[in-house]
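In my numbering, the protein residues as written are 1055 to 1536.
Even glycine gets a Cβ: it sits at the ideal position worked out from N, Cα and C.
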Amino acid sequence: MNQAIRNTWVVIMAMFMVLIAAISIIQVVAADTLKNNDFNSRQLYQEFGSARGPILVDGAAIAESVESNDDFNYQRVYHDPLLYSGLTGFYSLTYGATGLEDKMNRYLAGTSDGQFVDRIVELFSGTPMEGAQVELTIDPQMQQVAYDALPEGVTASAVITDPKTGDILAMASKPSFDTNLLAVHSGAQASANMEELQSVPGLSPYVNRPTASLAAPGSTFKLIDTVAMLESGQYQPDSVLEVPDSITLPNSSTQLGNFGGGICGTFDQATLAEIFAQSCNTPFATAAMELGQDRIRTTAENFGFNESFDIPLTVSGSQFPEDMDDAELAQSALGQRNVKATALQMNMVAAAIANDGTLMKPQLIDSIRGSDLTLLEETQPEVFKRPTTPEVSEQMTQMMRGVVDGGTAYRAKSDTVDIAAKTGTAQISAETDDVHSWITGFAPADDPQVAVTLVYQNIDYDTGSALTSTKLKDIMEAVVTQ
């Protein structure tokens, strides 16, 4: 009798092990194949009929699933979507997933490796699976301040980071949109809403502009030129340079002049610190040609150019081209021609200088917790690159202070916050007077808490240059703790 019982238990245990193996194969090995099968309508209903995990900012949900009274048990709902649409993206039955809804899907849907045990429990208990909670590094007050700094009717981006940790504290853009319009379960309604959204000038519902949109950075690129000049050993902040009204580009009759034409400042000669503060074009173009494109490109790449990475949103690789002649190099050194950058990239340049030459990897995810609040992952600060030295960073900081104290960013000067910054104005074409207007900087200059970058695209010069500096001041005064 005992032998019969033992045999029965052996059979039961063998069957149980086979069941566990089959579940493992289905849940892990074959999961993607089954999920992506075009005929798997059950998977579609399961995904949209489950309690997808929330995306949180300071503990409050900016995206969550709430119970609904249709074929899908849950509806994805977005709170303050104009503030966060570029970050969350949307989760749509009609258009799929974008933004963090896409990049963090395996956690939000409960299919990550760390949630395997939860899926086993769900299988045997019949208890509905709940996705994980994804907490962002975003500070809600800073996000609001950044969004408010962007003018209506202008294609614009704002980024605020902590230069010491790489945490992204705010990332906003305009025009923005209500992601709830694309999360509706009605395909006809979602399509009509998408058509209307795509008719809005400057709006792309699929794009997070601060990480994906590339634009000529203009004179903010002189930050990189100046680092290359100082690191070469041939220049110091007090080095005297010629400041001609214009120069003739090599092997051409093309004249390259200072912005707006004519003299820069009130001098024919000036120190590097002075031409940096006034953003003179001709001496920087000349210096770039003397240093050579390899040095300028290497310095740019040390700050992150020509490289794509994830935060986990994919950041488009900012571009500094290869195989240029000297004429092309002179124009590229001014952040023109084929040089392109994201708002996050130019923020990284300022942040590295603010952090004594060490660039921390930008991070958007603070932590991930299971539905029972078990910690699944927690992001730690990570060194991304070391583009320059503490000594050069200190020299750059002092020169960036000069830009605010009496240079092109004089409107950013504050009575309460010590700001270091660099402006940039990128001409778009000869057919228009509109420009891309940039500013990037950090504060307080002697112990930076935040790095801030603003870019207003396709805006008239006078409006753009005045607004970026003024809004940078407003942001710094609002977010820097005294």
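Item to check | Alpha-carbon spacing of A1212 relative to S1104, whole angstroms | outcome: Cα to Cα, A1212 sits roughly 34 Å from S1104.
Next on the checklist: Using 8 Å for Cβ pairs, my map puts V1188 next to I1422. What's the rounded Cβ distance?
Outcome noted: 5 Å
Item to check | Y1510 - partner residues in DSSP beta bridges | outcome: A1210, S1491
Checklist entry - Touching or not, the region 1131 to 1143 and the region 1191 to 1199, by the rule of three or more beta carbon pairs under 8 Å? => result Counting C-beta pairs closer than 8 Å gives three or more between the region 1131 to 1143 and the region 1191 to 1199, which meets the contact rule.
Checklist entry - What residues in its chain sit with their C-beta under 7 Å from that of I1513, if we drop five residues either side in the sequence? => result V1208, D1488, V1489, S1491
Next on the checklist: If you reduce the DSSP assignment to three classes, tell me which class Y1138 lands in.
Outcome noted: Helix at Y1138.
Next on the checklist: Pairs of beta-carbons, one from the region 1225 to 1243 and one from the region 1253 to 1265, closer than 8 Å: are there three or more?
Outcome noted: yes
Next on the checklist: Am I right that Q1417 and I1222 are in contact with their C-beta atoms under 8 Å? What's the rounded C-beta distance?
Outcome noted: 6 Å
Checklist entry - What do you reckon, are the CB atoms on T1336 and I1278 nearer than 9 Å? => result no
Next on the checklist: Measuring only the C-alpha atoms, how far is Q1373 from N1392?
Outcome noted: 7 Å
Checklist entry - Using the rule of at least 16 other Cβ atoms within 10 Å of the residue's Cβ for burial, across every protein chain shown, is E1344 buried or exposed? => result exposed
Next on the checklist: Assuming G1311 is part of the alpha helix (DSSP H), what are its boundary residues?
Outcome noted: That residue, G1311, is in no alpha helix (DSSP H); its beta strand (DSSP E) goes 1309 to 1311.
Checklist entry - Are R1106 and S1122 closer than 9 Å when you measure CB to CB? => result no
Checklist entry - Who does T1152 pair with in a DSSP beta bridge? => result In DSSP, T1152 forms no bridge with anything.
Item to check | Any 3 or more C-beta pairs closer than 8 Å across the region 1374 to 1386 and the region 1301 to 1309 | outcome: yes
Next on the checklist: So the candidates are T1524, L1521, V1506; which of them puts its Cα closest to the Cα of A1224?
Outcome noted: Per the Cα distances, V1506.
Checklist entry - Three-state secondary structure (DSSP) at Q1481? => result strand
Checklist entry - Are the beta-carbon atoms belonging to I1214 and N1401 less than 9 Å from one another? => result Cβ distance < 9 Å, so I1214 and N1401 count as in contact.
Next on the checklist: In the DSSP output, what is L1223 paired with across the bridge?
Outcome noted: L1223 is not bridged to any residue.
Next on the checklist: Let me check understanding here. Comparing Cα to Cα, which of F1496, P1205, F1144, T1142 lies closest to Q1452?
Outcome noted: F1496
Item to check | In DSSP terms, what I1407 is bridged to | outcome: I1407 pairs with nothing; no bridge assigned.
Checklist entry - Going by other Cβ atoms of all chains shown within 10 Å of its Cβ, with 16 needed for buried, is F1178 buried or exposed? => result Only weak support is given to the placement of F1178: the predicted model assigns it a pLDDT of 47, under 50, and the question is left unresolved by the model.
Checklist entry - Can you tell me where the alpha helix (DSSP H) with L1235 in it begins and where it stops? => result 1234 to 1237
Item to check | Pairwise C-alpha distance: G1518 and M1378 | outcome: 30 Å
Item to check | Helix, strand or coil at M1378 according to DSSP, with G and I counted as helix | outcome: coil
Next on the checklist: Here's the rule I'm using: 16 or more other beta-carbon atoms within 10 Å means buried, otherwise exposed. How should K1525 be labelled?
Outcome noted: buried
Checklist entry - Which residues in the same chain have their Cβ closer than 7 Å to the Cβ of R1263, if we skip the five residues on either side of it in sequence? => result G1140, S1211, S1227
Checklist entry - Starting from D1420 and walking both ways along the beta strand (DSSP E), at which residues does that stretch end? => result 1419 to 1423
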